[in-house]
Each structure stands twice: as C-alpha cells, then as structure tokens.
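Inspection log for the structure reproduced underneath, given as structure tokens.
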Amino acid sequence: MLKVILGFTLHKLKPRLNVLGYYDYALSLATGLNTIMVPKLVANNFLKSQAKLPVIDHKNRDKKNNFATNLRFVAYQDNALDSNAKKVLKLDKDGKRIKIYQSITEAADSRSVRKTTMEDIVMDLSGRIMIAHWTTKCH
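Here it is in structure tokens:
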C-alpha cells in the first residue's frame, strides 16, 4: 500500500495488476490520470541510478516480485535476450535437480559471476553434467 499526501489529505492507494501483469498505482490528477509502475517506483528510489541502462528488469522473471533485491537496470538488448532465454538447471553431483534458473543471467547473478562466464560454463556442457554441475534446459 502506498500513502500519498495531496494537499493536506493523506490518501492510501492500493496497487492494481495491469494487463501486462505488473503492479501499478493510478493517480487521478487535474491534468488527467497518471500511472506509476511499482517496479519503476521501487528501482528509482532504492537502486543506484544507471543512466545508460534504461530498462528495469525482474531478475527472477516474476513481475509481481518488486523487492529492490529482485530488480536491476539493464539495456534494452539484455532485457530482450532474457525474455527468450533458455532455463538453466543446477544439479548436484548425482545429477539431481537443485534449482531451475529462468535464464543464464539469473544463474550468473546467483553465483556473482558475469553472464559471459556463466555462458561459458553452461555452453561447454553441451547438455552434459560437468564438475560445476550445471546444465541447460530448453523450454
């Protein structure tokens, strides 16, 4: 819930789920209806601004998870690549699934390594398990 002071009155606003699956707030102002996306509101107030990275991305692909820890600024190209990304499986030494990451970027973030480093690990596997115990999963 968002609290907004307009004039001398405190208004409590409830977020709504828009047609794209994101939460937003709608404010009716004298100039018309103004919509504020929750991810943008959170990122602009809690993340370090990155002028060269114009898109706010949900790391875990969950549009409803708007915690600052799940948001990051990315370039348009990176955001488009992640939307068509292959899933990445993390396996234990016996080949049992530990976790499914929705993209290589998400897997890289979980290990605090660069995306290209994770791509090298995953792509070298060619669908097989390696000592790092990572493999890819197609949609």
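With the sequence shown counted from 1, adding 1388 to any position gets you my numbering. By construction, the Cβ of each residue, glycine as well, lies at the ideal position given by its N, Cα and C atoms. These numbers were taken from a predicted model, which means no experiment stands behind them.
Can you give me the start and stop residues for the beta strand (DSSP E) that residue 1414 sits inside?
As a first step, residue 1414 must be located in the sequence shown, where it is residue number 26. Counting along the chain, the beta strand (DSSP E) containing residue 1414 begins and ends at 1411-1417.
Around the C-beta of residue 1446, are 16 or more other C-beta atoms found within 10 angstroms, so that it is buried, or is it exposed?
In the sequence shown, residue 1446 corresponds to position 58, counting from 1. Buried, because 16 or more other Cβ atoms sit within 10 Å of the Cβ of residue 1446.
Residue interval of the beta strand (DSSP E) (run including residue 1455):
Here the question's residue 1455 lines up with position 67 in the sequence shown. Looking at the DSSP string, residue 1455 is not in any beta strand (DSSP E), and its letter there is neither H nor E.
Given that a residue counts as buried once 16 or more other Cβ atoms are within 10 Å of its Cβ, and exposed if not, what is residue 1500?
Locating residue 1500 in the sequence shown gives position 112, counting from the first residue. Residue 1500 comes out exposed.
Three-state secondary structure assigned by DSSP to residue 1445:
One-based indexing of the sequence shown puts residue 1445 at position 57. DSSP places residue 1445 in strand when its eight states are reduced to three.
Take residue 1418 as the anchor and find which of 1395, 1426 and 1428 has the nearest alpha-carbon.
On the sequence shown, position 30 is the one that residue 1418 refers to. Comparing Cα-Cα distances from residue 1418 to each of 1395, 1426 and 1428, the minimum goes to 1395.
Taking 9 Å as the cut-off, decide whether the C-beta atoms of residue 1466 and residue 1504 are in contact.
Taking the sequence shown and counting its residues from 1, the one referred to as residue 1466 is at position 78. Taking the sequence shown and counting its residues from 1, the one referred to as residue 1504 is at position 116. In this structure, residue 1504 does not lie closer than 9 Å to residue 1466 by Cβ.
Reduced DSSP category for residue 1426 - H, G, I as helix; E, B as strand; rest coil:
In the sequence shown, residue 1426 corresponds to position 38, counting from 1. Helix at residue 1426.
The beta strand (DSSP E) enclosing residue 1485, as first and last residue numbers
The residue given as residue 1485 occupies position 97 in the sequence shown. Segment 1485-1489, the beta strand (DSSP E) holding residue 1485.
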